[in-house]
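Encoded as structure tokens, the structure appears first; notes follow it.
Protein chains: 2
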Amino acid sequence: MKSFDILDETKKKRILDAAINEFAENSYEQASTNRIVKSAQIGKGMLFHYFKTKQSLYEYLISHAIQIMEEFSVLYIDDSEPDFIERMKGSAKLKIGIYEQHPDLFHFIGQVMLEKESKVPATLAHRLHQMQLEGMARMFNGIDTEKFREDVDSDEILKLIGWSIEGYSQELLAKLDGQNFAELELEPYWKEFYAFLEMLKRIYYKQEV
Amino acid sequence: MKSFDILDETKKKRILDAAINEFAENSYEQASTNRIVKSAQIGKGMLFHYFKTKQSLYEYLISHAIQIMEEFSVLYIDDSEPDFIERMKGSAKLKIGIYEQHPDLFHFIGQVMLEKESKVPATLAHRLHQMQLEGMARMFNGIDTEKFREDVDSDEILKLIGWSIEGYSQELLAKLDGQNFAELELEPYWKEFYAFLEMLKRIYYKQEV
DNA sequence: CTTACTTCGACCAAGGTGGTCTATTTATAT
DNA sequence: ATATAAATAGACCACCTTGGTCGAAGTAAG
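These protein sequence lines are chains X and Z, in that order. Residue 1 is where the first sequence starts when you use UniProt numbering, and the numbers rise one by one after that. Residue 1 is where the second sequence starts when you use UniProt numbering, and the numbers rise one by one after that.
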């Protein structure tokens, strides 16, 4: 794998993107190394020179994906922010950030989660699980629930706000489908999103008098 | 196809379930007729006797799925009910009802939607689209928005309630994963769900004084 | 000119593809 | 009981894709 780490960044990215995309859209078995090399525009031999087998390529990708997720997580999510909705802003920026730079990463990880364990070595499965737990912790630990309205259980409020933001994002993403993120002016969408969050505050926070 | 329609219901169901499952979990190209016949416990020849080609089987399934969805829709969704959340109860019952009797139907339709148009004939694509529109209409037409709190736009409230119920269902479904619906006592879960809906009313409806 | 490394893609055996066909069983009709 | 027709299984077909190999050509360095 040394030989792979040494490549120019652009070729490396082409290969990683191609491979992640292939494993995102197909199960391990159905994913095709032939399609990967074609999409990455390299010869068949090279892929098996860099990664000796399909399986080891797969494991490399999983590890790579975890690494990216963790980097972005510490970068974007400020777990000292006590206001839940403010913290969710960071989470949204994280998702968009990953989406811009690695469009298929979430899809890939989702596919990995569905995979029969046999293809995902125990240590990687463990790291994935750990990542999930830590992500939850970073999202929910130390939230100030005093701000929430008192006629609804605060755990419920956390979930409701989460689901609402999830729904909003899905709708937005569907609307922006096909368009190229890189050359898109996102600022107005953020503005709208912030307004949406303010609305959530109006709904779920105590009314200031 | 006549020959197929005549079969005993149990064998018919075995074949339909196997085929829908296969096309739900794989794209058209990747779906395998071999796996279908093995799973349905019939000989290879029979499948191609009933449906002459893979493509025509696929189209039969799509048509079949649309039919089921429409039946359930008129059965469960009462579009004369003016209270949105009450109407959503029907929608939830519809989903569970379909899920019980055809576990992979939603997944299948989702997969069909993703398919490159070429494999889905225009007329079926049109029927699918029409079904979606009518479903939306049955959900949202004639809703009494007077009940909603007035400090938030009522269209937003409709969406927020929808997303919240969606999130709740997903969470519940994840919790019940793997368990067999048929032999499951659902009543307590409905109870909890109704309580959840009452909470949504508290949040999104005008407070009665 | 030699040595070492990179790159490609033809090639391999193995196995899966949609679809056909024959042989046999089962049901129906006379 | 006999003849005819329908239902059924699965071996088989030609074709394609699979993960992986390997030799040859290209490139760079010493």
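Every residue gets a Cβ at the ideal spot worked out from N, C-alpha and C, and that includes glycine.
Quick one: give me the first and last residue of the alpha helix (DSSP H) that A174 (chain Z) is part of. S154 to K175
Which stretch, first to last residue, makes up the alpha helix (DSSP H) that contains K52 (chain Z)? Segment: none, K52 (chain Z) is in no alpha helix (DSSP H) and carries neither H nor E.
If the cut is a Cβ gap below 7 Å, which residues of chain Z does D151 (chain X) touch? R202
To the nearest angstrom, how far is it from the Cα of Q41 (chain X) to the Cα of Y50 (chain X)? 14 Å
Taking beta-carbon pairs under 8 Å, can you tell me which members of the stretch 182-194 of chain Z lie near chain X? none
Under a Cβ-count criterion, where at least 16 other Cβ atoms within 10 Å of its own Cβ denotes burial, should Y194 (chain X) be classed as buried or exposed? exposed
For the UniProt domain "HTH tetR-type" (9-69) of chain Z, which residues have a CB atom closer than 8 Å to at least one CB atom of chain X, in sequence order? N26 and Q30
Given a cut-off of 7 Å, decide if I161 (chain Z) and Y205 (chain Z) are closer than it, judged by their beta-carbon atoms. no
Indicate whether at least one CB of chain Z lies closer than 7 Å to the CB of S164 (chain X). yes
Per-residue DSSP class, three states only, for Y189 (chain Z): helix
Going by C-alpha to C-alpha distance, which of X:I20, X:D78 and X:F4 sits closest to G45 (chain X)? X:F4
Inter-residue Cα distance where the pair is F84 (chain Z) and K38 (chain X): 51 Å
If we call anything under 7 Å between Cβ atoms a contact, is A24 (chain X) one with H107 (chain X)? yes
Between G167 (chain Z) and chain X, is there a C-beta pair that is closer than 7 Å? yes
What residues match up with Y205 (chain Z) in a beta bridge as DSSP calls it? Z:F148
Within chain X, the residues that M199 (chain Z) reaches when beta carbons sit closer than 8 Å: V152 and E156
Would you identify the three-state DSSP class for S118 (chain Z), choosing helix, strand or coil? helix
Just the C-alpha distance for Q30 (chain Z) and T10 (chain X), rounded to the nearest angstrom, thanks. 31 Å
Using C-beta distances below 8 Å, list every residue in its chain close to A137 (chain X), excluding the 5 sequence neighbours before and after it, in chain order. D79
Could you please give the first and the last residue of the uninterrupted alpha helix (DSSP H) stretch that includes Y99 (chain X)? F84 to Q101
Kindly indicate which three-state DSSP category F23 (chain X) falls into: helix, strand or coil? helix
Helix or strand or just coil, what does DSSP make of A31 (chain Z)? coil
L16 (chain X) and T33 (chain X) - do their beta-carbons sit closer together than 7 Å? no
Taking the Cβ atom as the reference point for each residue, do Y28 (chain Z) and E115 (chain Z) lie within a distance shorter than 7 Å? yes
CA-CA distance, H126 (chain Z) and S118 (chain Z)? 13 Å
So for L124 (chain X), helix, strand or coil by DSSP? helix
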